[in-house]
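Here the sequence shown stands for residues 5 to 376, where the numbers follow the numbering used here. One structure is given here, and the rest of the page talks about it.
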Amino acid sequence: MKINLRTAVSRLFPNHSFEMIYIEAIANALDADATEITIDINYNNSEFSSFKIIDNGVGIDEVRYQRFSNLMDAQDTSHKGQGRLVYLHYFDNINFESIYRKGQQIEKIVFNFNYNFDDSIYQKENIFSEETGTCVSFSGFSKDRLGSKESINSTRIKENILSEFLPAFHKMKEAGKNIKISINTNIDNNFSNEVISIDGIPEFECLEIESDYLKNISPRLSEKVSYDLFREPLSLYYYVEKTSKKTSIVTSFAIDNRAIKVPIIDKENYIDGFDAIFFLYSKCFDGQVNPTRQELTVDKNDLKEIKKIFKSKIQDIFREKVPDFHNLQEKEKKYLKDKYPHLIGYISEDDIGFSSKKDILFQARDKFFDDQ
């Protein structure tokens, strides 16, 4: 890898979190067609005694190793080719042991990834094995301590993986494929285990959005994005279920088989008693994230118009499945009109029940003062 890795890590991942380590490893395992993945974490006295992520994918063959060795050598636009750098923010050394098929033979490659990585230094041998796969072992924790032990809590890890990869898991379920992710943690001798399986992935309903929908909802969408958005059906996948737990609403774009969160509903508008997941899918979104996958690169004006479509369809779904949400909107409309009569005509009714009161009033006052 002919590049200063220390500089690349700090410049390409100025904003990072520990969670990004296992998200990157899971993404690589899914790319390798893994159906079983195990995360084993042992953390005691502010030290990682062991941290491994193991999968049964096709392994790191010569082509994959070459791509690994060249930063930003991505196989297509849905890959960025640099996610592994986040490992070096937290660990001094990452050991890879991978078994893969080469023709009729089975080979094993072992190499270390660190700031002094040299792609010519590895061990390779023919072995007798029926199974392929990769084991990634992290050692030399480079921080004094974790910012929060919550980041390695098995339940938290499960939630983060589901949140990130739900579009991929949904696609696998539709195709009849299996996935099992076991998460085993030992934190200061407190053991816990969580499992993600295909059976636990919700059954999503799908709503296809027609192009003529733009005329009334998002007429300002740029011509290019309007065309790209509907080359294939623009699809909204959703799941709404009653719950006795605290309400959770997740809204995201499905990009490169991952969910990129897009805030649509402010938490102050949540109603008790239901969970809801929405993700909007279009081929137009492919690759529309920055190299670290932390920010959308969709034009801001176009994003604003697409969010209008998203919001409008969520409104339709809630009207049918969560009637209390519509009742809340009507109460909010009456409250705002009664308390701020001088802003009638400036308050965006489409935002009521979605944006916070503070944001709605701020925008309405801006319009009011502009007119004055």
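Beta carbons: idealized from backbone N, C-alpha and C, even for Gly.
- Classified as buried, GLU309 has 16 or more neighbouring CB atoms from the shown chains inside 10 Å of its CB.
- Bounds of the alpha helix (DSSP H) holding LEU16 are 9 to 16.
- Between ASN164 and GLU23 the beta-carbon gap is near 5 Å, inside 8 Å, which marks them as a contact.
- Residue ranges of uninterrupted beta strand (DSSP E) with 3 or more members, entirely inside the segment 160 to 239 and ordered along the chain, are 184 to 191, 194 to 201 and 209 to 213.
- Closest in C-alpha terms to ALA263, from the list PHE358, ILE281 and LYS315, comes ILE281.
- Comparing alpha carbon positions, the residue from LEU34, LEU340, GLU353 and LYS361 closest to LYS181 is LEU34.
- With distances taken between CA atoms, PHE55 lies nearest to VAL140 out of LEU89, ASN32, GLY63 and VAL140.
- The three-state reading of DSSP puts LEU89 in helix, counting H, G and I together.
- Beta-bridge annotation (DSSP): ASN116 is paired with ASN99.
- ILE200 sits close to LYS162, with the two beta carbons spaced by under 8 Å.
- If you look at LYS308, you'll find it in the alpha helix (DSSP H) that goes 304 to 325.
- Secondary structure of ALA36 (DSSP, three-state): coil.
- Cα atoms of ASN331 and PHE373: separation of roughly 31 Å, rounded to the nearest angstrom.
- DSSP places TYR69 inside the alpha helix (DSSP H), whose first and last residues are 66 to 73.
- Under DSSP, GLU111 takes part in a beta bridge, and its partners are TYR104 and ASN130.
- Per DSSP, ILE364 is one residue of the alpha helix (DSSP H) stretching across 361 to 375.
- When Cβ pairs closer than 8 Å are counted between the two stretches, the segment 86 to 106 is seen to touch the segment 122 to 140, the count reaching three or more.
- Burial check for THR189: the Cβ neighbour count within 10 Å reaches 16 or more, so the residue is buried.
- GLU353: not part of any beta strand (DSSP E); DSSP gives it neither H nor E.
- With respect to LEU89, LEU150 sits apart: the two C-beta atoms are not nearer than 8 Å.
- Residue state for SER152 is assigned as coil, using DSSP reduced to three classes.
- With contacts defined as CB atoms closer than 8 Å, SER239 and TYR285 qualify as a contacting pair.
- Take the alpha-carbon of ILE185 and the one of ASN49: they are about 27 Å apart.
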